[in-house]
Amino acid sequence: MKTLENYNFQNKKALIRVDFNVPLDAEKNITDDTRIRAALPTIQHVINNGGSAIIMSHLGRPKNGPENDFSLIHLVSHLEKLSKVKVHFSEDCIGEKAKLKCNLMKPGEITLLENVRFHKEETKGDLSFAKKLASLGDCYINDAFGTAHRAHASTTVIARNFSEDKMFGFLMEGEIKSLEKVLNSDKKPLTAIIGGAKVSSKLPIIENLINKVDNLIIGGGMAYTFIKANGGNIGKSLVENDFLNTATSIQELAKNKKVNLYLPIDTATADAFDNNATKSVVNIENIPAGLMGLDIGEKSEKLFSDVIENSKLILWNGPMGVFEFSNFENGTKSAANAIVKATQKGAFSLIGGGDSVAAINKFNLSKEVSYVSTGGGAMLEYLEGKTLPGIHAILN
Ligand code: AMP
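My numbering applies: residue 941 is where the sequence shown begins, and numbers increase by one.
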């Protein structure tokens, strides 16, 4: 298989699909450039090795063709600043103008194409649109992990036009390696910490992970459905009554597979969904009628931390409580600290899924863990055991 490292980019025009879907303020300034920085190593590798880079991305969700709010032109000067190379801009991602711009490129140059989603054919995965995009370059690199679960023209279908000359970018490679490390390594024990609001949204991941993990820690809002299923009183805590039987069968499955399943034993409750609500810590199975659990308690923190700190592989998806409220962030913070400690002792730790990434960033600990995934939905689908079209298209 071709990789960035073994491919000869000399005089080649590389079409690179990146995820430059960055937030812009009202004046169209980029408010968080993490995604641009994440794709820079791949772009720089191409231009430093004799190639030129044609960059494709989407930005936002334009409905009916071109819209200034979603134009990639707003990214040109920042990309120039970061790459230290003049960035040409093509007002359309296909057609004669794009062709002319790309034909004129010399090695070491960058051209940013306008938003691929200005053409409705992009999200439809249209074959002829993908072919037009493909005609602009000599090889194709997919470095957009965040959209790898979508069979769109520029993320998946385009690859059919490059039988050999297609490969992953560094970001994509790093994501896949980290996920594979967690899912297919024989390092033990492997602990998955799953939290967040709902059992229903995490069910497919739990069902796949239960075949692989040694320890499964369940915290956050979803834990109360398990506690209720086991006969506990959960007061006004978050619950999914339709999933009580599911919670019971997950516990039975864990038992059969000899997976240690840990639920919180105590909880920090509030009399309202409010950071300043009156807080009290109670046994999680006996939450008074008017109260709701918004975080795990100290005994649970200790229980979970001991398991986490003795793990060799750790996957964390979903907070242990309402970490956005400073008075109810302790459980999530303690899990994050335990992950950091385990990492310092040599464990490999992967953090992913929107809110756990937000939490680890809030606690300034993202540099202290092994890998923080950039792809929310894509990462979840990978963990669910699904084949991601963007990955499949490069491998086949
Ligand atoms: P998810 O997107 O499913 O990972 O859910 C993340 C959200 O779950 C965060 O916004 C948390 O505030 C919320 N959450 C975590 N624990 C609780 C809880 N005990 N009660 C209500 N919401 C919670």
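Backbone N, C-alpha and C define an ideal beta-carbon position, used for all residues, glycine too.
{"Item": "Nearest to Gly1258 (by Cα), restricted to the options Ile970, His1089, Val1312 and Ala978", "Value": "Val1312"}
{"Item": "Nearest-angstrom Cα separation, counted from Ala1137 out to Ala1110", "Value": "Per the sequence shown, the amino acid found at residue 1110 is Phe instead of Ala. The straight-line gap from Cα to Cα measures roughly 32 Å."}
{"Item": "Selection from Leu1255, Ser1266, Asn948 and Leu1193 that minimises the alpha carbon distance to Glu1120", "Value": "Leu1255"}
{"Item": "Cβ contact check for the stretch 1292-1305 and the stretch 1242-1254: 3 or more pairs under 8 Å", "Value": "no"}
{"Item": "Alpha-carbon spacing of Asn1223 relative to Asn1277, whole angstroms", "Value": "23 Å"}
{"Item": "Reduced DSSP category for Asn1365 - H, G, I as helix; E, B as strand; rest coil", "Value": "Because the chain in this structure spans residues 941 to 1336, residue 1365 falls outside the shown range and cannot be described."}
{"Item": "Asp1214: CB within 7 Å of a non-hydrogen atom of ligand 1", "Value": "no"}
{"Item": "Distance CB(Gly990)-CB(Asn946) smaller than 8 Å", "Value": "no"}
{"Item": "Gly1293 beta carbon near ligand 1 (any heavy atom closer than 7 Å)", "Value": "yes"}
{"Item": "Whole runs of the alpha helix (DSSP H) within the stretch 1137-1178, excluding any shorter than 4 residues", "Value": "1139-1149 and 1163-1169"}
{"Item": "Every unbroken beta strand (DSSP E) inside the stretch 1016-1083 [3 residues or more]", "Value": "1027-1030, 1050-1053 and 1079-1082"}
{"Item": "Where the beta strand (DSSP E) containing Phe1108 begins and where it ends", "Value": "Lys1106 to Phe1108"}
{"Item": "Under the three-state DSSP convention, the category Asn1200 falls into", "Value": "strand"}
{"Item": "Residue from Asp972, Ser1023, Gly1175 and Val1153 with nearest C-alpha to Leu981", "Value": "Per the sequence presented here, residue 981 reads as Pro, with Leu not at that position. Residue Ser1023 is the option with its Cα nearest to Pro981."}
{"Item": "Straight-line gap, Lys968 to Ile1013 (C-alpha atoms, nearest Å)", "Value": "10 Å"}
{"Item": "Identity of the residue in Leu1040, Arg957 and Ala1093 nearest Phe1069 by Cα", "Value": "Ala1093"}
{"Item": "According to DSSP, residues forming a beta bridge with Ala1208", "Value": "Val1221 and Asp1235"}
{"Item": "The stretch 1123-1131 touching the stretch 1093-1105, judged by at least three CB pairs closer than 8 Å", "Value": "no"}
{"Item": "Buried versus exposed call for Thr1188 [16 or more other C-beta atoms within 10 Å across all chains shown]", "Value": "exposed"}
{"Item": "Rounded Cβ spacing between Ile1248 and Ala1275 (contact assumed at less than 8 Å)", "Value": "7 Å"}
{"Item": "Enclosing alpha helix (DSSP H) for Thr1283 [first to last residue]", "Value": "Asn1270 to Gln1284"}
{"Item": "Nearest to Tyr1322 (by Cα), restricted to the options Asn1148, Gly1135, Ala1074 and His1028", "Value": "Asn1148"}
{"Item": "Ligand 1 heavy atom lying under 7 Å from the CB of Leu1290", "Value": "no"}
{"Item": "CA nearest to the CA of Asn1270, picked from Lys1302, Asp1235 and Phe1244", "Value": "Asp1235"}
{"Item": "Check: Phe949 C-beta below 7 Å from any heavy atom of ligand 1", "Value": "no"}
{"Item": "Exposed unless 16 or more other CB atoms sit within 10 angstroms - verdict on Asp1083", "Value": "buried"}
{"Item": "Three-way DSSP call (helix, strand, coil) for Ala1088 in this model", "Value": "coil"}
{"Item": "Pick from Ser1245, Lys1302 and Asn1267 that is closest to Glu1281, judged by C-alpha positions", "Value": "Reading off the sequence shown, one finds Lys at residue 1281, where the question assumed Glu. The candidate whose alpha carbon is nearest that of Lys1281 is Ser1245."}
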